[in-house]
Amino acid sequence: MYAAPPIANLLVLRSPDIHRAAAFYTELGLLFTLHRHGTGPEHYTSMVNGFVFEVYPLRPDDLPTTNVRIGFNVDDVDGVVELVTAAGAQMVATPHDSEWGRRAVVKDLDGHTVELVTPPNRDVR
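Numbering (our numbering), first residue to last: 1 to 125.
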(Lines of atoms letter the chains of each structure in order from A and count residues from 1; the text may use other names and numbers.)
(Lines give C-alpha, C1' and ligand atoms only; values in the text may rest on other atoms or scores of the structure.)
Protein backbone atom coordinates (compact mmCIF):
# COMPACT_ATOMS: atom_id res chain seq x y z
CA MET A 1 0.00 0.00 0.00
CA TYR A 2 1.35 3.41 -0.97
CA ALA A 3 1.06 6.30 1.42
CA ALA A 4 2.37 9.80 0.95
CA PRO A 5 5.15 10.72 3.39
CA PRO A 6 4.01 12.66 6.43
CA ILE A 7 4.33 16.43 6.44
CA ALA A 8 5.23 18.18 9.68
CA ASN A 9 2.47 20.60 10.71
CA LEU A 10 3.11 21.46 14.36
CA LEU A 11 5.98 22.46 16.63
CA VAL A 12 5.46 23.39 20.27
CA LEU A 13 8.19 25.04 22.32
CA ARG A 14 8.00 25.58 26.07
CA SER A 15 9.21 28.88 27.54
CA PRO A 16 9.32 30.32 31.05
CA ASP A 17 8.28 33.65 29.46
CA ILE A 18 5.96 33.13 26.47
CA HIS A 19 5.66 36.86 25.78
CA ARG A 20 9.44 37.28 25.51
CA ALA A 21 9.73 34.14 23.36
CA ALA A 22 6.98 35.31 20.98
CA ALA A 23 8.66 38.72 20.70
CA PHE A 24 11.93 36.99 19.78
CA TYR A 25 10.37 34.84 17.04
CA THR A 26 8.50 37.88 15.76
CA GLU A 27 11.95 39.26 14.86
CA LEU A 28 12.19 36.34 12.39
CA GLY A 29 8.96 37.50 10.79
CA LEU A 30 6.46 35.16 12.47
CA LEU A 31 3.10 36.68 13.38
CA PHE A 32 1.52 35.41 16.60
CA THR A 33 -1.90 35.43 18.17
CA LEU A 34 -2.61 34.64 21.80
CA HIS A 35 -4.74 31.50 22.27
CA ARG A 36 -6.28 29.36 24.96
CA HIS A 37 -8.05 26.04 24.31
CA GLY A 38 -10.75 25.50 26.92
CA THR A 39 -9.14 25.59 30.35
CA GLY A 40 -5.61 25.04 28.98
CA PRO A 41 -2.78 27.54 29.35
CA GLU A 42 -2.59 30.77 27.41
CA HIS A 43 -0.05 30.38 24.57
CA TYR A 44 1.10 31.97 21.33
CA THR A 45 0.37 30.51 17.91
CA SER A 46 1.77 31.34 14.48
CA MET A 47 0.69 29.60 11.27
CA VAL A 48 2.63 29.77 8.01
CA ASN A 49 1.70 27.62 5.01
CA GLY A 50 -0.20 25.16 7.20
CA PHE A 51 2.65 24.80 9.71
CA VAL A 52 1.70 25.77 13.27
CA PHE A 53 4.44 27.08 15.57
CA GLU A 54 3.35 27.47 19.20
CA VAL A 55 4.96 28.77 22.37
CA TYR A 56 3.49 27.34 25.57
CA PRO A 57 4.46 28.21 29.12
CA LEU A 58 7.04 25.99 30.77
CA ARG A 59 5.31 24.77 33.91
CA PRO A 60 7.23 23.40 36.91
CA ASP A 61 6.53 19.74 36.00
CA ASP A 62 7.25 20.15 32.26
CA LEU A 63 10.45 19.02 30.60
CA PRO A 64 12.19 21.87 28.78
CA THR A 65 12.26 21.74 24.98
CA THR A 66 15.73 23.26 24.67
CA ASN A 67 17.18 20.08 23.11
CA VAL A 68 15.10 20.81 19.99
CA ARG A 69 16.91 22.28 17.00
CA ILE A 70 14.66 24.53 14.91
CA GLY A 71 15.37 25.64 11.36
CA PHE A 72 13.93 28.51 9.35
CA ASN A 73 14.49 29.62 5.77
CA VAL A 74 14.71 33.41 5.76
CA ASP A 75 15.18 36.07 3.08
CA ASP A 76 18.34 37.59 4.56
CA VAL A 77 20.35 35.60 7.09
CA ASP A 78 22.71 38.46 7.87
CA GLY A 79 19.87 40.92 8.48
CA VAL A 80 17.88 38.47 10.61
CA VAL A 81 20.98 37.65 12.67
CA GLU A 82 21.42 41.37 13.39
CA LEU A 83 17.80 41.58 14.58
CA VAL A 84 17.86 38.49 16.79
CA THR A 85 21.25 39.18 18.35
CA ALA A 86 20.06 42.71 19.17
CA ALA A 87 17.08 41.00 20.85
CA GLY A 88 19.46 38.89 22.97
CA ALA A 89 20.17 35.76 20.91
CA GLN A 90 23.49 34.04 21.50
CA MET A 91 25.58 33.49 18.37
CA VAL A 92 26.57 29.85 17.80
CA ALA A 93 27.76 30.03 14.16
CA THR A 94 28.17 33.37 12.40
CA PRO A 95 26.62 33.84 8.94
CA HIS A 96 28.59 32.00 6.30
CA ASP A 97 28.13 30.39 2.90
CA SER A 98 27.39 26.66 3.01
CA GLU A 99 26.12 23.94 0.71
CA TRP A 100 22.56 24.85 1.83
CA GLY A 101 23.00 28.58 1.18
CA ARG A 102 23.84 31.43 3.54
CA ARG A 103 23.60 29.96 7.05
CA ALA A 104 23.88 30.95 10.72
CA VAL A 105 22.99 29.35 14.04
CA VAL A 106 21.86 31.14 17.20
CA LYS A 107 20.38 30.22 20.57
CA ASP A 108 17.09 31.92 21.40
CA LEU A 109 16.49 33.57 24.76
CA ASP A 110 15.48 30.23 26.32
CA GLY A 111 18.41 28.25 24.86
CA HIS A 112 16.71 26.61 21.84
CA THR A 113 19.12 26.20 18.92
CA VAL A 114 17.80 28.05 15.86
CA GLU A 115 19.31 27.50 12.41
CA LEU A 116 18.74 30.26 9.87
CA VAL A 117 19.29 29.64 6.15
CA THR A 118 18.84 31.65 3.00
CA PRO A 119 18.80 28.98 0.28
CA PRO A 120 20.82 29.82 -2.83
CA ASN A 121 17.71 30.06 -5.04
CA ARG A 122 15.43 31.79 -2.52
CA ASP A 123 12.84 33.92 -4.33
CA VAL A 124 12.89 37.21 -2.38
CA ARG A 125 10.66 39.31 -4.60
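Where a beta carbon is used, it is the ideal one built from N, C-alpha and C, also for glycine. Only a predicted model underlies this, so the values are computations on that prediction, with no experimental measurement involved.
Can you check DSSP and say which residues form a bridge with residue i?
i	result
residue 53	11 and 46
Starting from residue i, trace the alpha helix (DSSP H) both ways and give me its first and last residue.
i	result
residue 101	Per DSSP, residue 101 belongs to no alpha helix (DSSP H); it is in the beta strand (DSSP E), 101 to 107.
residue 39	Premise fails: residue 39 is in no alpha helix (DSSP H) and is neither H nor E.
residue 122	Residue 122 -> no alpha helix (DSSP H), and no H or E assigned at all.
residue 4	Counting along the chain, residue 4 falls outside any alpha helix (DSSP H), and DSSP gives it neither H nor E.
Measure the Cβ-Cβ separation of residue i and residue j and say whether it is below 7 Å.
i	j	result
residue 43	residue 54	yes
residue 56	residue 12	yes
residue 62	residue 14	yes
So residue i is in the beta strand (DSSP E); what residue range does that whole segment cover?
i	result
residue 116	113 to 118
residue 35	33 to 35
Go through its chain and collect everything with a Cβ distance to residue i's Cβ below 6 Å, but skip five positions before and after it.
i	result
residue 10	52
Within a Cβ cutoff of 7 Å, which residues of the same chain sit near residue i, ignoring the five residues on either side of it in sequence?
i	result
residue 111	66
residue 80	28, 74 and 116
residue 64	14 and 58
Output the residue ranges of the alpha helix (DSSP H) runs that lie fully inside the segment 51 to 101 and measure 4 residues or longer, sorted by chain position.
-> 77 to 86
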